[in-house]
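All residue numbers in the sequence shown are consecutive under my numbering, ending with 376. These notes concern the structure reproduced below.
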Amino acid sequence: MATETQASPSQYDKDNPFPATISENKLLSGEGSKKETRHFVVELGGSGLSYACGDSLGIYPTNNPEQVQELLNSQDWTGGESVQLPKDDSPIPIKIALMSRLAIGDQSKKFLQSLLERAADSPAKSEAEALLAPEKREELKSYLEERHLIDYMLAFPDVRWEPQELIGELKRLTPRLYSIASSPTRHPVCTHLTVAIVRYETLGRQREGVCTTFMTDRVGIGQPCVPVFIASSHFGLPEDGATEVIMVGPGTGIAPFRAFLQEREDKKCSGRNWLFFGDQHQKTDYLYREEFEAWQQSGHIANLSLAFSRDQAEKIYVQHRMLEKGKELWEWMDGGAHFYVCGDAKRMAADVDDALHQIAREHGGMDEEAAKSWVKQLRRDKRYQRDVY
Ligand code: NAP
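Right, here's the structure in full:
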């Protein structure tokens, strides 16, 4: 275990990110997986940055240069046209603005409205205008999600933007936050990340997540060109190492729990650890398998509950495993355990929350109202914490 510490506060933060290097980029998904989940090591040496278990690493990505060039070509711009960004001191070339300052992916309803005001009549214009009717909200949402800036440029070729006018319509490229998958007790001057690389197709074009492909396709190992900062979090381990913890982290949601397990091992915490992990297939998507199996063997992970959703005809998810072990889970909670959830916010976190309520009803002898207040109280006591996205 490393012992280096960083006592003085860092000069680097969200407004002044540190140019970090990626020293490791390893594919975690096995051959044949439908996913591309990667393990990154981001070096913080020399930055003075420190982090706590449960924090996230903020990364400012750069857009794909080929996509930026395609945008410039669509307007017959050289890229050298000067533009002024709000709140900036001096003008910069539009190519720089499109590369690293502005979001060129999906656009807002406001952008679409500005575009339509400039567009000549065409079938594309009629289609888009029809979606602005109040009853078409859902269709408009899908329309906006499916299209990136370049799609509008190609679908409305008669619209010629002044560079400054276009800049005024685009949103800032914002940093992306990734839950740190390492503990500072073991890795004080680097952070580990567990990242699902986003690639998909809409309208016959290949699309990609800006930051995930920036990290894996466009940043070379050892280049000091990844602007980062530490985003502190409310999400963290109980102070008392004797407290038991239950961690539910399917997919990339596993990240902070790998950090929790490292930290509790390093600090020799006596409280038991229960990990719920799930993903599509055991053979190809069991992230960090060797580490978790070793911890299971050593007893550091007292209970390991796995849910591989696509290894059988019926889907099996982490919340199904929770319900199967409901009696034991209730006993842990009744004994003061802390309960943590990380990963998908839309479906998983809500279903896990339902399962927790169900366990309180079935094994804690509560009615619906009592189970609701019990869960609310857990949250107030910070015994139930979520890091969901
Ligand atoms: P995931 O898509 O959340 O899948 C993990 C497992 O959860 C799969 O077995 C999946 O099963 C299962 N699942 C699906 N619905 C569920 C439900 N209602 N309850 C419980 N489990 C459920 O895995 P992921 O790779 O972490 O991707 C999560 C999403 O977050 C991605 O869209 C990713 O782009 C995004 N995201 C990732 C990061 C990051 O990488 N750090 C950061 C921000 C956002 P099935 O698929 O078989 O249904």
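The beta carbon of each residue, even a glycine, is placed where N, CA and C say it ideally should be. Quantities reported herein were computed from a predicted structural model and do not represent experimental measurements.
- Just checking, does the region 281 to 292 make contact with the region 356 to 373 on the three C-beta pairs under 8 Å criterion? no
- Task: Could you round the C-beta distance between residue 273 and residue 245 to whole angstroms and report it? I think they count as a contact, below 8 Å.
- Result: Residue numbering aside, residue 273 sits at position 286 when the sequence shown is read from its first letter. Residue numbering aside, residue 245 sits at position 258 when the sequence shown is read from its first letter. Not confirmed; about 13 Å, so no contact.
- Item | C-alpha distance - residue -9 paired with residue 178, whole-angstrom precision | Position 4 of the sequence shown, counting from 1, holds the residue named residue -9. Position 191 of the sequence shown, counting from 1, holds the residue named residue 178. In this prediction, residue -9 has a pLDDT of 41, which is less than 50 and means its spatial position is unreliable; what the coordinates show is noted afterwards. Cα to Cα, residue -9 sits roughly 14 Å from residue 178.
- Task: Label residue 150 either buried or exposed according to how many other C-beta atoms from any shown protein chain fall within 10 Å of its C-beta, with 16 as the threshold for buried.
- Result: Position 163 of the sequence shown holds residue 150. Flag for residue 150 reads buried.
- Whose C-beta lies closer than 7 Å to the C-beta of residue 210 among residues of the same chain, with five residues either side of it excluded? Here residue 210 corresponds to residue number 223 of the sequence shown, with the count starting at 1. Contacts found: 8.
- Query: Exposed or buried, which one is residue 208 when buried takes at least 16 other CB atoms within 10 Å?
  - Reply: In the sequence shown, the residue the question calls residue 208 occupies position 221. Residue 208 is exposed by the Cβ-count criterion.
- Message: Which residue marks the beginning of the alpha helix (DSSP H) containing residue 198, and which one marks its end?
- Response: The residue given as residue 198 occupies position 211 in the sequence shown. Where residue 198 is concerned, the enclosing alpha helix (DSSP H) stretches over 197 to 200.
- Message: Given this structure, state the Cα-to-Cα distance separating residue 186 from residue 322, to the nearest angstrom.
- Response: Mapped onto the sequence shown, residue 186 falls at position 199. Mapped onto the sequence shown, residue 322 falls at position 335. Those two C-alpha atoms are separated by around 44 Å.
- Message: When you compare the CB positions of residue 216 and residue 5, do they come within less than 8 Å of one another, or not?
- Response: Position 229 of the sequence shown, counting from 1, holds the residue named residue 216. Position 18 of the sequence shown, counting from 1, holds the residue named residue 5. Going by C-beta atoms, residue 216 is nearer than 8 Å to residue 5.
- Task: Could you pull out every residue in the same chain whose Cβ sits closer than 8 Å to the Cβ of residue 200, ignoring the five residues on either side in sequence?
- Result: On the sequence shown, residue 200 is found 213 positions in, with the first residue counted as 1. These residues qualify, in order along the chain: 51, 184, 185, 186.
- Reduced DSSP secondary structure (H/G/I, E/B, other) of residue 149: Within the sequence shown, residue 149 is the residue found at index 162, counting from 1. Three-state result, residue 149: coil.
- Query: How many Å lie between residue -6 and residue 287 at the Cα?
  - Reply: Here the question's residue -6 lines up with position 7 in the sequence shown. Here the question's residue 287 lines up with position 300 in the sequence shown. Bear in mind that the predicted position of residue -6 carries a pLDDT of just 48, short of 50, making it too unreliable to give a figure here.
- Query: With a Cβ-Cβ cutoff of 8 Å, do residue 169 and residue 39 count as a contact?
  - Reply: Along the sequence shown, one-based indexing puts residue 169 at 182. Along the sequence shown, one-based indexing puts residue 39 at 52. No, Cβ-Cβ distance for residue 169 and residue 39 is not below 8 Å.
- Closer than 7 Å: residue 328 CB and nearest the ligand NAP heavy atom: Here residue 328 is taken as the residue at index 341 of the sequence shown, counted from 1. Outside the cutoff, so no.
- Message: Let me check understanding here. Comparing Cα to Cα, which of 167, 313, 214 lies closest to residue 250?
- Response: The count along the sequence shown starts at 1 and reaches residue 250 at position 263. Nearest of 167, 313, 214 to residue 250, Cα basis: 167.
- Message: Please identify the residue among 188, 37, 2, 349 whose C-alpha is closest to the C-alpha of residue 391.
- Response: No information on residue 391 is available, as it lies outside the stretch -12 to 376 that the chain covers here.
- Message: Please list the terminal residues of the continuous alpha helix (DSSP H) segment that includes residue 261.
- Response: The residue labelled residue 261 in the question sits at position 274 within the sequence shown. Careful: residue 261 lies outside any alpha helix (DSSP H), inside the beta strand (DSSP E) at 260 to 266.
- Would you kindly check if the distance between the Cβ of residue 206 and the Cβ of residue 339 is under 8 Å? Residue numbering aside, residue 339 sits at position 352 when the sequence shown is read from its first letter. Residue numbering aside, residue 206 sits at position 219 when the sequence shown is read from its first letter. Taking the C-beta atoms as reference points, residue 206 is found no nearer than 8 Å to residue 339.
- Exposure of residue 135, with buried meaning 16 or more beta-carbon neighbours within 10 Å: Here residue 135 refers to the residue found at position 148 when the sequence shown is read from its first residue. Burial call: buried.
- Beta-bridge pairing of residue 292 - partner residues as DSSP gives them: Within the sequence shown, the letter at position 305 stands for residue 292. The partner list for residue 292 (beta bridge, DSSP) reads 263.
- Query: By Cβ distance below 8 Å, which residues in the same chain neighbour residue 229 in space, the five residues on each side in sequence not counted?
  - Reply: Numbered from its first residue, the sequence shown carries residue 229 at position 242. So the qualifying residues of the chain are 256, 257, 258.
- Query: Considering residue 169, what are the terminal residues of the beta strand (DSSP E) in which it resides?
  - Reply: By one-based count along the sequence shown, residue 169 stands at place 182. Unbroken run through residue 169: none, as it is neither H nor E.
- Query: Between residue 297 and the ligand NAP, is the CB less than 7 Å from at least one heavy atom?
  - Reply: As a first step, residue 297 is located in the sequence shown; it is residue number 310 there, counting from the start. True, at least one ligand heavy atom lies under 7 Å from that Cβ.
- Item | Start and end residues, beta strand (DSSP E) containing residue 186 | Here residue 186 refers to the residue found at position 199 when the sequence shown is read from its first residue. Segment 186 to 189, the beta strand (DSSP E) holding residue 186.
- Item | Cβ pair count under 8 Å reaching 3, the region 321 to 336 against the region 288 to 300 | no
- Message: Could you check whether the Cβ of residue 33 sits closer than 7 Å to any heavy atom belonging to the ligand NAP?
- Response: In the sequence shown, counting from the first residue as 1, residue 33 sits at position 46. Checking every heavy atom of the ligand NAP against the Cβ of residue 33, none is found closer than 7 Å.
- Message: Rounding to the nearest angstrom, what Cα-Cα distance links residue 85 and residue 49 in this structure?
- Response: Here the question's residue 85 lines up with position 98 in the sequence shown. Here the question's residue 49 lines up with position 62 in the sequence shown. Near 9 Å, if we compare the C-alpha coordinates of residue 49 and residue 85.
- Look at the alpha carbon of residue 191 and the alpha carbon of residue 347, and state the distance between them as a whole number of angstroms. For the purposes of this step, residue 191 is taken as residue 204 along the sequence shown, with counting starting at 1. For the purposes of this step, residue 347 is taken as residue 360 along the sequence shown, with counting starting at 1. Cα-Cα distance, rounded: 48 Å.
- Message: Any heavy atom of the ligand NAP inside 7 Å of the beta-carbon of residue 335?
- Response: For the purposes of this step, residue 335 is taken as residue 348 along the sequence shown, with counting starting at 1. Within the cutoff, so yes.
- Task: Taking residue 319 and residue 231 to be in contact with their CB atoms under 8 Å, please state how far apart those CB atoms are, rounded to whole angstroms.
- Result: Working through the sequence shown from its first residue, we reach residue 319 at position 332. Working through the sequence shown from its first residue, we reach residue 231 at position 244. Between residue 319 and residue 231 a beta carbon distance of about 6 Å is seen, short of the 8 Å cut, so the two are scored as contacting.
- Query: beta strand (DSSP E) containing residue 372: first to last residue?
  - Reply: The sequence position of residue 372 within the sequence shown is 385, counting from 1. It spans 371 to 375 - the beta strand (DSSP E) in which residue 372 sits, taken as one unbroken run.
- Message: Only counting the same chain, and skipping five residues up and downstream in sequence, which positions put a Cβ closer than 8 Å to that of residue 157?
- Response: The sequence position of residue 157 within the sequence shown is 170, counting from 1. The answer, listed in chain order, is 89, 90, 91, 94, 98, 136.
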